[in-house]
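Have a look at the structure below before the remarks.
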Amino acid sequence: MRSLANTWHASLPPPLHAVSDSPFYFLLSSILCSSSSNSSSLEENILQQSVDSYCNKKNFYMRILFSRSGSTFSALLLPFLQGVQRPVARAATAKFLFGQQSVMTAVDSQSLHHQLFYLPGRACSSRRNESVVVVMGATGTGKSKLSIDLATRFPSEVVNSDKIQVYRGLDITTNKIPLAERCGVPHHLLGELDPEAGELPALKFRSLAASAIEGIAARRRLPVVAGGSNSFIHALLAARHDPRVDPFAAGDSRRGRRERLRYRCCFLWVDVEKKVLAEYLDRRVEEMAADGMVAELEAYFAAEGAEPGRHPGLEKAIGVPEFREYFEKGKGAKKHAAAVAAIKANTRRLAEEQVRKIGRLGESGCGWALQRVDATAAVRARLEGSAWAAAWDRDVVGPSVAAVESFLESSLSPPLGC
480 MRSLANTWHA SLPPPLHAVS DSPFYFLLSS ILCSSSSNSS SLEENILQQS VDSYCNKKNF
540 YMRILFSRSG STFSALLLPF LQGVQRPVAR AATAKFLFGQ QSVMTAVDSQ SLHHQLFYLP
600 GRACSSRRNE SVVVVMGATG TGKSKLSIDL ATRFPSEVVN SDKIQVYRGL DITTNKIPLA
660 ERCGVPHHLL GELDPEAGEL PALKFRSLAA SAIEGIAARR RLPVVAGGSN SFIHALLAAR
720 HDPRVDPFAA GDSRRGRRER LRYRCCFLWV DVEKKVLAEY LDRRVEEMAA DGMVAELEAY
780 FAAEGAEPGR HPGLEKAIGV PEFREYFEKG KGAKKHAAAV AAIKANTRRL AEEQVRKIGR
840 LGESGCGWAL QRVDATAAVR ARLEGSAWAA AWDRDVVGPS VAAVESFLES SLSPPLGC
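Numbered continuously in the numbering used here, the sequence shown closes out at residue 897.
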């Protein structure tokens with residue numbers, strides 16, 4: 480059966496290749512390698528049970544579809560939607576070809592998922608028809624986590640929209656999501672740019688992110704834009720972007736007029752009550768300092784080329800200006816405490832400004848339909864040191880998955896990305 484494990488990926492229709500790039504493909508391959516080419520129904524059941532056991536631990540649902548043609552045995556590992564409480568109104572059927580045979584599924588909620596993401600569609604004709612999920616919110620609210628949670632339920636790739644996280648370096652200071660927590664989800668524009676190449680303007684981000692979205696949609700995956708830089712989000716998504724105009728200015732003459740969008744968008748705003756978020760941000764700064772932020776900044780300032788102006792984008796990261804005097808003019812407990820206090824204050828101010836700008840993108844400004852999900856209970860539980868995952872799943876993941884499912888269902892005609 481090893482030959483099957485080595486060749487089954489190549490036999491898949493191109494839209495299915497993305498599935499085989501997941502950890503589940505390697506799980507299936509390893510199991511198939513130990514199977515016989517004359518696999519019986521009993522062995523198929525054992526194989527499915529093995530995958531079920533693995534996926535239950537990962538809080539994910541998968542199914543294997545089998546097909547035979549003479550002595551040829553094929554298997555396909557498929558992700559299933561999780562947490563769907565209602566069937567899709569119009570049952571759809573997903574078809575997957577194996578040579579001259581086909582395997583059919585008729586599970587209502589899952590069939591929509593497969594139809595959207597795995598069936599070949601007609602060539603894309605308009606960027607405005609591309610479907611994009613946008614995860615926004617103030618720093619510390621859990622945007623990155625939600626983007627990963629969505630990507631484990633819908634085949635997705637994440638496009639970073641944080642103007643500081645686009646640069647390489649200072650991963651702890653800039654709060655980049657660690658590789659181990661990305662669950663294999665591809666990320667674009669996250670730690671990719673050379674900090675010495677200059678500051679990335681919004682117009683250039685618009686171009687880079689649009690290219691990433693186009694590629695993701697071409698692979699029949701769902702683009703998820705996630706990040707806290709609302710100026711970048713507006714530049715990317717607005718049908719028209721004028722770099723000379725500040726869309727967040729108080730006197731913007733466009734206030735109250737709905738701005739056309741460049742894509743079909745599902746906006747998810749992760750929000751936390753101001754007082755709770757402020758307390759959590761202070762705690763997070765302390766945790767970052769304990770987890771290596773100060774050592775990371777020390778290495779940054781010790782490196783050649785850390786002088787002001789050398790990294791015009793990265794040096795604006797909260798933590799760099801606050802600790803510059805500490806490392807360049809002499810260390811001391813008072814200076815250290817002052818730097819940490821300044822980081823806390825500036826992070827709280829950043830969060831308040833981000834919330835203001837999100838409001839400007841919503842009904843009071845650009846008129847974009849933002850769907851707010853409240854993560855206050857989950858964040859409060861984290862502060863109290865109690866279990867918070869249940870509150871996160873109930874208040875944030877559940878409503879977000881339902882919103883995305885409804886959004887994708889409405890895009891059945893035309894299919895995703897076309």
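We treat Cβ as the ideally placed atom computed from N, Cα and C, and that holds for glycine.
(Q) Taking the beta strand (DSSP E) that R743 belongs to, which residues open and close that run? (A) Taking the sequence shown and counting its residues from 1, the one referred to as residue 743 is at position 264. Start and end: R743 to D750.
Q: Please classify G771: does DSSP put it in a helix, a strand, or coil?
A: Mapped onto the sequence shown, residue 771 falls at position 292. Here G771 sits in helix by DSSP.
Q | Length of the line joining the Cα atoms of A630 and R661 | A | If you number the sequence shown from 1, residue 630 lands on position 151. If you number the sequence shown from 1, residue 661 lands on position 182. Roughly 9 Å between the two C-alpha positions.
(Q) Comparing C-alpha positions only, which one of D761, P800 and T618 sits nearest to Y779? (A) On the sequence shown, residue 779 is found 300 positions in, with the first residue counted as 1. Selected option, being the one with the closest Cα: P800.
Q | Stretch-stretch touch, CB-based, cutoff 8 Å, three pairs: the region 667-678 with the region 788-799 | A | yes
Q: Output the distance between the C-alpha atoms of K795 and R803, rounded to the nearest integer angstrom.
A: For the purposes of this step, residue 795 is taken as the residue at position 316 of the sequence shown. For the purposes of this step, residue 803 is taken as the residue at position 324 of the sequence shown. When rounded, the distance between both Cα atoms is 11 Å.
Q | Where L716 falls: helix, strand or coil (DSSP) | A | Residue numbering aside, residue 716 sits at position 237 when the sequence shown is read from its first letter. Looking at L716 - three-state DSSP - the assignment turns out to be helix.
Q) With 16 other CB atoms within 10 Å as the buried threshold, where does D750 fall? A) Numbered from 1 along the sequence shown, position 271 holds the residue referred to as residue 750. Buried is the call here.
Q: Using the DSSP secondary-structure output, state which residues sit across from N639 in a beta bridge.
A: Translated into the one-based positions of the sequence shown, residue 639 becomes position 160. DSSP output for N639 lists A705 as bridge partner(s).
Q | Three-state secondary structure assigned by DSSP to L946 | A | In the structure as shown, the chain starts at 480 and stops at 897, and residue 946 therefore has no counterpart that could be examined.
**Q.** Identified DSSP bridge partners for D853
**A.** Indexing the sequence shown from 1 puts residue 853 at position 374. D750.
(Q) Please report the distance separating the alpha-carbon of D761 from that of A705. (A) Position 282 of the sequence shown, counting from 1, holds the residue named residue 761. Position 226 of the sequence shown, counting from 1, holds the residue named residue 705. Taking the straight line from one Cα to the other gives about 23 Å.
Q | Run of the beta strand (DSSP E) containing S610, from where it starts to where it stops | A | For the purposes of this step, residue 610 is identified with residue 131 of the sequence shown, where counting begins at 1. Run containing S610: S610 to G616, per the beta strand (DSSP E) assignment.
Q) What is the rounded straight-line gap between the Cα of F806 and the Cα of V773? A) For this step, residue 806 is matched to residue 327 along the sequence shown. For this step, residue 773 is matched to residue 294 along the sequence shown. If I take the Cα positions, the gap works out to 10 Å.
Q) Looking only at C-alpha atoms, which of Q644, R700 and R741 sits nearest to A718? A) Translated into the one-based positions of the sequence shown, residue 718 becomes position 239. Of Q644, R700 and R741, the residue nearest in Cα terms is R741.
Q) Taking Cβ to Cβ, would you say S668 is nearer than 8 Å to V645? A) Walking along the sequence shown from the start, residue 668 turns up at place 189. Walking along the sequence shown from the start, residue 645 turns up at place 166. A small correction: the amino acid at residue 668 is Leu; Ser does not occupy that position in the sequence shown. Taking 8 Å as the Cβ cut-off, L668 and V645 qualify as a contacting pair.
Q. Out of V883, T826 and A818, which has the shortest C-alpha to C-alpha gap to G707?
A. Here the question's residue 707 lines up with position 228 in the sequence shown. Checked all of V883, T826 and A818; the closest Cα to G707 is T826.
Q: Could you check how far apart the C-beta atoms of F727 and K836 are, in whole angstroms? I think they sit under 8 Å.
A: Counting from 1 along the sequence shown, the entry for residue 727 is found at position 248. Counting from 1 along the sequence shown, the entry for residue 836 is found at position 357. The pair is a contact, with the Cβ atoms about 5 Å apart (cut-off 8 Å).
Q.
Considering only their Cβ atoms, is the gap separating L829 from T618 smaller than 8 Å?
A. Here residue 618 refers to the residue found at position 139 when the sequence shown is read from its first residue. Here residue 829 refers to the residue found at position 350 when the sequence shown is read from its first residue. Yes.
Q. Straight-line CA distance for A714 to G811?
A. Taking the sequence shown and counting its residues from 1, the one referred to as residue 714 is at position 235. Taking the sequence shown and counting its residues from 1, the one referred to as residue 811 is at position 332. Distance between the alpha carbons of A714 and G811: 42 Å.
Q. Buried or exposed: where does G798 fall if 16 or more other Cβ atoms within 10 Å of its Cβ makes it buried?
A. Taking the first residue of the sequence shown as 1, we reach residue 798 at position 319. The residue in question, G798, is buried, as its Cβ has 16 or more Cβ neighbours within 10 Å.
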